[in-house]
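Colleague: Here's a structure for you.
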Amino acid sequence: MSDKPAVSSVQKGDVLLVLVDNPPVNAISQAVRAGLKEHVEKGLNDAATKAIVIACEGRTFVAGADIREFGKPPAGPSLQELLNGMEAGNKPVVAAVHGTALGGGFEIAMACHARVSDKAARVGLPEVKLGLLPGAGGTQRVPRVAGALVGLDLCTSGRMVPAAEALKFGLIDKIVDGDLREGAMEYARSLVGKPLKRSSEQQQPFDEAAFDKAAAEVLKKARGAMAPAKIIECIKASTHGTFKEGEAVERKNFMELLVSDQSKAMRYVFFAEREVLKVPSLEGVNPRPVSTAGVIGSGTMGAGITISLINSGMPVTVVENSQEALDKAMVRFKSTWERDVKLGRIDQATMDKRVGLLTLTTQFEALADKDIVIEAVFEEMALKKEIFGKLGKIVKAGAVLASNTSYLDIDAIGEASGRPADVIGMHFFSPANIMRLVEVIDGGRSAKDALATGVAVGKRMGKLPVVMGNCDGFVGNRILATWRKVADMMIEEGAYPQDFDAAMEAWGMAMGPYAVGDLAGLDIGMRRRKEFAHLRDNEKRDTGAIADAICALGRYGQKTGSGYYKYVDGKRTVDPVVTEIIERVSKEKGIARKPVTAEQMTSWVHASMVNEAAKILSENIVSRPLDVDIVKLNGYGFPVWRGGPMQEADRIGIDKVLATVKEVYKTAGKGFEPASALEWMVANNKKFADIKPGDLKGK
Numbered sequence: 022m023s024d025k026p027a028v029s030s031v032q033k034g035d036v037l038l039v040l041v042d043n044p045p046v047n048a049i050s051q052a053v054r055a056g057l058k059e060h061v062e063k064g065l066n067d068a069a070t071k072a073i074v075i076a077c078e079g080r081t082f083v084a085g086a087d088i089r090e091f092g093k094p095p096a097g098p099s100l101q102e103l104l105n106g107m108e109a110g111n112k113p114v115v116a117a118v119h120g121t122a123l124g125g126g127f128e129i130a131m132a133c134h135a136r137v138s139d140k141a142a143r144v145g146l147p148e149v150k151l152g153l154l155p156g157a158g159g160t161q162r163v164p165r166v167a168g169a170l171v172g173l174d175l176c177t178s179g180r181m182v183p184a185a186e187a188l189k190f191g192l193i194d195k196i197v198d199g200d201l202r203e204g205a206m207e208y209a210r211s212l213v214g215k216p217l218k219r220s221s222e223q224q225q226p227f228d229e230a231a232f233d234k235a236a237a238e239v240l241k242k243a244r245g246a247m248a249p250a251k252i253i254e255c256i257k258a259s260t261h262g263t264f265k266e267g268e269a270v271e272r273k274n275f276m277e278l279l280v281s282d283q284s285k286a287m288r289y290v291f292f293a294e295r296e297v298l299k300v301p302s303l304e305g306v307n308p309r310p311v312s313t314a315g316v317i318g319s320g321t322m323g324a325g326i327t328i329s330l331i332n333s334g335m336p337v338t339v340v341e342n343s344q345e346a347l348d349k350a351m352v353r354f355k356s357t358w359e360r361d362v363k364l365g366r367i368d369q370a371t372m373d374k375r376v377g378l379l380t381l382t383t384q385f386e387a388l389a390d391k392d393i394v395i396e397a398v399f400e401e402m403a404l405k406k407e408i409f410g411k412l413g414k415i416v417k418a419g420a421v422l423a424s425n426t427s428y429l430d431i432d433a434i435g436e437a438s439g440r441p442a443d444v445i446g447m448h449f450f451s452p453a454n455i456m457r458l459v460e461v462i463d464g465g466r467s468a469k470d471a472l473a474t475g476v477a478v479g480k481r482m483g484k485l486p487v488v489m490g491n492c493d494g495f496v497g498n499r500i501l502a503t504w505r506k507v508a509d510m511m512i513e514e515g516a517y518p519q520d521f522d523a524a525m526e527a528w529g530m531a532m533g534p535y536a537v538g539d540l541a542g543l544d545i546g547m548r549r550r551k552e553f554a555h556l557r558d559n560e561k562r563d564t565g566a567i568a569d570a571i572c573a574l575g576r577y578g579q580k581t582g583s584g585y586y587k588y589v590d591g592k593r594t595v596d597p598v599v600t601e602i603i604e605r606v607s608k609e610k611g612i613a614r615k616p617v618t619a620e621q622m623t624s625w626v627h628a629s630m631v632n633e634a635a636k637i638l639s640e641n642i643v644s645r646p647l648d649v650d651i652v653k654l655n656g657y658g659f660p661v662w663r664g665g666p667m668q669e670a671d672r673i674g675i676d677k678v679l680a681t682v683k684e685v686y687k688t689a690g691k692g693f694e695p696a697s698a699l700e701w702m703v704a705n706n707k708k709f710a711d712i713k714p715g716d717l718k719g720k
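With this note's numbering applied, the sequence shown corresponds to residues 22 to 720, in that order.
Encoded structure:
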């Protein structure tokens, strides 16, 4: 460990330059807080010092709190104490911001009397993503400077604000083109002898009606998350009363959130998203070099994959079966990047560069020299086998061949290529240029360095790659198929789609299953049920009758104007036709319908997720519970504040979850047997948090 201090200072004439140096992101550890207090007080007490500038070494300004200190006994000085003392001082203190000033880092900047940045800097308050709120004056200083609506936006979205936008809000005072530290010191000298602008003493006009309307929208999107509601309370406190009174509200709400189950779950997710990239089975395995890519197919999924690859700076060749399809694809690509230019996400030069990285062709031979080829055509095994048969012969030796299948057997696709060691699954989620998750599937004979390449390419694309073994539906869709059968069974037993969707959304899911079905298209599931009808186990309960009856009427969801719901002007409404179908199917099956509570709906769905996940862990499809949580959180709308199905199971108690699994089994029968791994965990008093990689294998 280095003996170098986390904070130092150097006298630059009449300005004291205070430097934070706590790699890699200058997180606010106890040493940083103590060092800042020491050096700022040194400047305030030194007659030769007229102003102070706080800057950071390395690639960024202070990028937030040291999350590793959460839950530990507090060690002084507190950030709140430090910032209030600094702001109250009688000499100008200026923050020199580069990289990102996030969370506590931005709170440090806001407690300074001015903020100077370079043009690439970004600021933000992302604590809401950890189930928390800014706890050192952020909910009070930001709205006092920029207004309550801006404060509400920044604190509840957690988004990063570019320097130019922050300048408009008054959150940054000057953007420097040249040397940042020199510019900040010059600005600090210009403030000497002038009245100091303290953020805590400012106040902006407050439109209560506009604020309440915006707050209502925030709460609607929050779907049960506590932090946004607590933030709203804090922001409102900043609009009336003293800073000290608002600070007290902030402190009280911060401490309540800090010990909440929701924040604990979201902090677990923070670490799990980093841990998931450390794949036990690939430890020490180097990926193959990748500098060029090919994509087969330019539909919704293929286009999204291509956009993500090109946005990462990789040249991509797209193969389609007709020039017409390629022309449509080019329109899609350009419109996506043109929208990014319009929204200020990229400039025109960046768009032109991206278009230059794109090659469109109908010739498979154009893929011969590519380092990785990703197939993204229809979910049809015969077609995929045909394509991989061609790729195996055409594409250079050592290239990785990946299939974006969501269910199909990677082993069979690999065999069709004639080179199964090069074949992996890369299951992206739609829209693939936005959704973070990619399931990287080991086809049994897939080479480890091919899998490592899938992970590396996924990371380069800005994705969260989760490595898993081969099974029907892999992790995400296998669990989805299981709990959807439970949902369909409960509809037969007495629930209705609108009640089920309302229950799941109130529980925190982004959308209920029947609304999702209508959005995706019910014909997809219908085709799959028909394709695999010959494999159906007649001893298992068939829950597809209602969906089949709805599809038989040509009701495929939103695209046809009706599915489980009727759509009028884009809004879903309950349709008596569907109610009649449901009640008729129940009667034909001899089921006496009875009311189903929202609690039963959500608990049965969650328990069936956990039960199937335990079977997946027992089969060693994945080896860690966190793999399941990351998949469900990032691809399937599971509420992040619950931490994923496994984290939620730990909160409830594995014994209680197992009891619910047994209730489901009594009604659902074969296929829903309690996982032996769950029974082992209960017998051995284990939580999923206790499970190390491979602990449940064979259990």
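The beta-carbon is built from N, C-alpha and C at its ideal position, and this holds for glycine as well.
#1: Three-state secondary structure (DSSP) at Ala704?
#2: At the level of alpha carbons, what is the spacing between Gly145 and Cys176?
#3: If you run the structure through DSSP and keep just helix, strand and coil, what is Ile161?
#4: Would you kindly work out how many angstroms separate the C-alpha atoms of Ala573 and Gln283, rounded to a whole number?
#5: Work out the CA separation of Leu654 and His448 for me, nearest whole Å.
#6: Going residue by residue through the stretch 335 to 382, where are the continuous beta strand (DSSP E) segments of at least 3 residues, counting only ones entirely within it?
#7: State buried or exposed for Thr600, treating a residue as buried only when at least 16 other CB atoms are found within 10 Å of its CB.
#8: Could you check if Ala508 is buried or exposed, using at least 16 other CB atoms within 10 Å of its CB as the buried criterion?
#9: Since Lys33 is in the beta strand (DSSP E), which residue starts that stretch and which ends it?
#10: So what's Met131 in DSSP terms, helix, strand or just coil?
#11: Below 8 Å on the Cβ atoms is my guess for Val36 versus Gly56; work out the distance and round it to an integer in Å.
#12: What does Tyr588 pair with, by DSSP beta-bridge criteria?
#13: Does Phe495 come out as helix, strand or coil in the three-state DSSP assignment?
#14: Return the bridge partner residues of Val488 from the DSSP annotation.
#15: Give me, in chain order, the residues of the same chain whose beta-carbon lies closer than 8 Å to that of Thr383; leave out the 5 immediate sequence neighbours on both sides.
#16: Comparing alpha-carbon positions, which option in Gly565, Gly533, Glu560 lies nearest Asp544?
#17: Across which residues does DSSP place Asp139 in a beta bridge pair?
#18: Note down, in chain order, each residue of its chain lying with its Cβ closer than 8 Å to the Cβ of Met22, except the 5 sequence neighbours on either side.
#19: Out of curiosity, what's the CA-to-CA distance linking Asp392 and Phe450?
#20: Could you compute how far the alpha carbon of Ala132 sits from the alpha carbon of Gln223?
#21: Please say whether Pro441 and Gly464 have beta carbons closer to each other than 8 Å?
#22: Residues in its own chain within less than 7 Å of Ala157 by CB, not counting five upstream and five downstream?
#23: Going by other Cβ atoms of all chains shown within 10 Å of its Cβ, with 16 needed for buried, is Pro616 buried or exposed?
#24: Can you say whether Glu268 is buried or exposed, counting buried as having 16 or more other CB atoms within 10 angstroms of its CB?
#25: Leaving aside the five residues before and after Ile415 along the sequence, list all residues of the same chain whose C-beta is less than 8 Å from its C-beta, in chain order.
#26: Counting pairs of beta carbons, one from the stretch 286 to 300 and one from the stretch 660 to 670, are three or more of them closer than 8 Å?
#27: Just tell me which of Ala243, Asn111, Pro216, Ala184 has its CA closest to the CA of Ala531.
#28: Taking the alpha helix (DSSP H) that Met447 belongs to, which residues open and close that run?
#29: Less than 8 Å separating the beta-carbons of Met351 and Leu381?
#30: For Leu21, which residues in the same chain have their Cβ closer than 8 Å to its Cβ, ignoring the five residues on either side in sequence?
#31: Roughly how far, in whole angstroms, is the beta-carbon of Ile500 from the beta-carbon of Ala634, given that I think they are within contact range, below 8 Å?
#32: Roughly how many angstroms separate the alpha carbons of Ala72 and Asp87, rounded to a whole number?
#33: What residue range does the alpha helix (DSSP H) around Glu684 cover?
#34: Applying the criterion that 16 or more other CB atoms from any shown protein chain within 10 Å of the CB defines a buried residue, is Thr260 buried or exposed?
#35: Is it buried or exposed for His60, if we count other Cβ within 10 angstroms and need 16 for buried?
Modeller: Reading from the atomic positions:
#1: helix
#2: 8 Å
#3: The sequence shown places Gln at residue 161, rather than the Ile named in the question. Three-state DSSP puts Gln161 in a helix.
#4: 43 Å
#5: 15 Å
#6: 337 to 340, 379 to 382
#7: Within 10 angstroms of the beta-carbon of Thr600 lie fewer than 16 other beta-carbons, which makes it exposed.
#8: buried
#9: 28 to 33
#10: helix
#11: Not really, about 18 Å apart at Cβ, beyond 8 Å.
#12: Arg593
#13: Under the three-state reduction of DSSP, Phe495 is assigned to coil, being neither helix nor strand.
#14: Val461
#15: Val340, Glu341, Asn342, Ser343, Gln344, Leu347
#16: Gly565
#17: Val197
#18: With a pLDDT of only 45 at Met22, under 50, the local geometry of the prediction cannot be trusted, and the value read off the model is given with reservation. Nothing meets the Cβ criterion.
#19: Here the alpha carbons of Phe450 and Asp392 stand approximately 22 Å from one another.
#20: 12 Å
#21: yes
#22: Leu100, Gln101, Leu104, Gly125, Glu128
#23: exposed
#24: buried
#25: Phe385, Glu386, Leu388, Ala389
#26: Here the stretch 286 to 300 lies against the stretch 660 to 670, with 3 or more beta-carbon pairs under 8 Å apart.
#27: Ala243
#28: Careful: Met447 lies outside any alpha helix (DSSP H), inside the beta strand (DSSP E) at 444 to 449.
#29: Yes. Within cutoff.
#30: Only positions 22 to 720 of the chain appear in this structure, which leaves residue 21 out of reach.
#31: Contact holds; Cβ gap of about 6 Å.
#32: 28 Å
#33: For Glu684, the uninterrupted alpha helix (DSSP H) run begins and ends at 675 to 689, by DSSP.
#34: Under this definition Thr260 is a buried residue.
#35: buried
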